[in-house]
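Report on the structure given below.
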Amino acid sequence: MSAQNQQNSPDELEYPHFALIYIDRQGNLRHESSQSIANSRETILSPLVTGEFLRAVQRSSGTVPSHSQLRDKEFLGRYYEKIFLNLQQTNCRVLAKAYVKLVEPRKQVNYPYNGRKIVAGKTQQLDPDETKPPWWPTGVSHREPDHLPRAVHILWKLRTSHGITARKLKAADQPIRRQILPVERLAILDEVYQVREEEEKFLDGVTGMSMEDPMLYSQQN
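Numbering-wise, the numbering used here comes out as the position in the sequence shown, counting from 1, plus 125.
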């Protein structure tokens, strides 16, 4: 491919037949094809092929946190924020709802987002921030979860106070995994659970941890 064609955007390619998989500048996974094979694009660029592409990206992008970096809270905070950001906001919203339900099954009754709460048998309208649960992350407004700080906080900060572990979060997300789109983003989600499990082992003083064959989708951008 010439340098000129390499600079073209996918929809400007002049070839009569092509199939293309790439990650755009915003970190979004994209599939493109010529009109001649448009009906077969999803078959050609199958989940298997896409998975191999993402694994190639991971190998060229760096590494997940090393054992020594598991000691670095600032680094881990940035890492978790980055990886949830790569999941994209719609997926983070779905996950945050599942996570909140795990931590606070009766949240809407005990800590309603709308601030409407029954006090002494009477319904009162309070400021929504006055009805947030004690564990709610500092500096995050109390509204229906749709942003990554909630997911990061629940994953990373509630192990001691609420017994929240990566394994429990993974179990809690099973009913909604089909809503994570595109399906390749599930690899990103599994990466964060893997890293958090290794961090939990480190916090428990477990040695002999293995970080082999790491997934590196947090490094896409």
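A virtual CB, placed ideally from N, CA and C, is assigned to each residue, including glycine.
Here L273 is buried, its C-beta having at least 16 other C-beta atoms within 10 Å. Only residues of its own chain outside the window of five on either side were considered, and among them E309, A312 have a CB closer than 8 Å to the CB of G176, listed in chain order. Here R150 is exposed, its C-beta having fewer than 16 other C-beta atoms within 10 Å. In the three-state scheme derived from DSSP, where H, G and I count as helix and E and B as strand, K198 is classed as helix. Going by C-alpha positions, N164 is about 9 Å away from S158. Contact check for L179 against H156 fails: the beta carbons are separated by 8 Å or more. Taking C-beta separations shorter than 7 Å and ignoring five residues to either side along the sequence, the partners of W260 in its chain run V228, L283, S286, H287, following chain order. When the beta-carbon positions are compared, P262 and R275 come within less than 8 Å of each other. Counting only runs of at least 4 residues, the stretch 295-329 fully encloses the following alpha helix (DSSP H) elements, listed from N- to C-terminal order: 310-328. Here P237 has T256 as same chain residues with Cβ atoms under 6 Å from its own Cβ, once five neighbours each way along the sequence are excluded.
When the five nearest sequence neighbours on each side are left out, the beta carbons in the same chain lying within less than 8 Å of the beta carbon of S161 are those of P141, H142, in order along the chain. Assigned with DSSP and collapsed to three states, T248 falls in strand. In the DSSP assignment, A163 falls outside any alpha helix (DSSP H) and carries neither an H nor an E.
Assigned with DSSP and collapsed to three states, L145 falls in strand. Exclusion of the five residues before and after V219 leaves I301, Q304 as the residues of its chain whose Cβ lies within less than 6 Å of its Cβ.
If you draw a straight line from the Cα of N211 to the Cα of N153, it comes to about 8 Å. The C-beta distance from Y224 to L294 rounds to 6 Å, short enough to fall under 8 Å. By the beta-carbon neighbour count (other beta carbons within 10 angstroms, threshold 16), I279 is buried. Here N235 is exposed. Its C-beta has fewer than 16 other C-beta atoms within 10 Å. I208 is not bridged by DSSP to any residue. Nearest C-alpha to F200 among V331, D329, E324: E324. When C-alpha distances from D254 are compared across G246, Q213, K242, the shortest belongs to K242.
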